[in-house]
Amino acid sequence: MDPSTIEVEVQIDDPFAGQADPDSLERCARATLRHQRVGGPGALTIVVTGDGNVRRLNRAYRGVDATTDVLAFGDAEGDGFVTAPGAPRYLGDVIISLPRAEAQAGCAGHPLEAELQLLTVHGVLHLLGHDHAEPAEKTAMWAAQAEILRALGAPVADPTPEETDTDSHGFHA
315 MDPSTIEVEV
325 QIDDPFAGQA
335 DPDSLERCAR
345 ATLRHQRVGG
355 PGALTIVVTG
365 DGNVRRLNRA
375 YRGVDATTDV
385 LAFGDAEGDG
395 FVTAPGAPRY
405 LGDVIISLPR
415 AEAQAGCAGH
425 PLEAELQLLT
435 VHGVLHLLGH
445 DHAEPAEKTA
455 MWAAQAEILR
465 ALGAPVADPT
475 PEETDTDSHG
485 FHA
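Residue numbers (this note's numbering): 315 to 487.
Here it is in structure tokens:
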């Protein structure tokens, strides 16, 4: 499987352009795809935005009127998105709240870039069908997340956040 044949588009809203490194986020997405042995052709999008946009999406698609750190809108089953014949498979969108990432980085004691890396890996794992609703799923997802972040050399103080039992992460398949 060759993740280099998957197009990774990174969009950073103008107010946050200088705070997030699109190349770093793309590397994280590709490392996750490689770790999970996902090849192309395909595509996914990572969007770094503000709390207002994330809250609107969370309300519209999950019925939760609150902001969150990351939302993943994916098609792990292969039956949610309609793809034109011959077009690459669209894996989905990872939407990250930069203000939430910044606050979480401060609480965890690691750099903002490390938190963005963590949220990117977490979101892409969701796109690929991982979840953490059940203890066994959570253990597997957190182990994969930790392996990927370690391989990237991401300076994440704790890639397994304490709040995961009442996790604020959004996921929509």
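Beta carbons: idealized from backbone N, C-alpha and C, even for Gly. Just so we're clear, the structure is a prediction, and the values are computed from it rather than from any experiment.
{"Asked": "Whole-number beta carbon distance between threonine 319 and isoleucine 462, since they are thought to touch under 8 Å", "Found": "Wrong, their Cβ atoms sit about 19 Å apart, outside the cutoff."}
{"Asked": "Three CB pairs or more closer than 8 Å across the region 450 to 464 and the region 364 to 373", "Found": "no"}
{"Asked": "Alanine 433 and valine 384 closer than 8 Å at C-beta", "Found": "Looking at the sequence shown, residue 433 is not alanine but leucine. Contact: yes."}
{"Asked": "Sheet register partners of serine 411 (DSSP bridge)", "Found": "Thr363"}
{"Asked": "Proximity test, Cβ basis, 8 Å: valine 352 and chain D", "Found": "Looking for chain D here will not work: only one protein chain is present."}
{"Asked": "Burial state of glutamine 325 (16 or more Cβ within 10 Å)", "Found": "exposed"}
{"Asked": "Cβ-Cβ distance between isoleucine 360 and alanine 343 below 8 Å", "Found": "yes"}
{"Asked": "Span of the alpha helix (DSSP H), counted from its first residue to its last, around valine 435", "Found": "426 to 441"}
{"Asked": "Residue from Ala417, Asp337, Arg348 and Asp327 with nearest C-alpha to leucine 439", "Found": "Arg348"}
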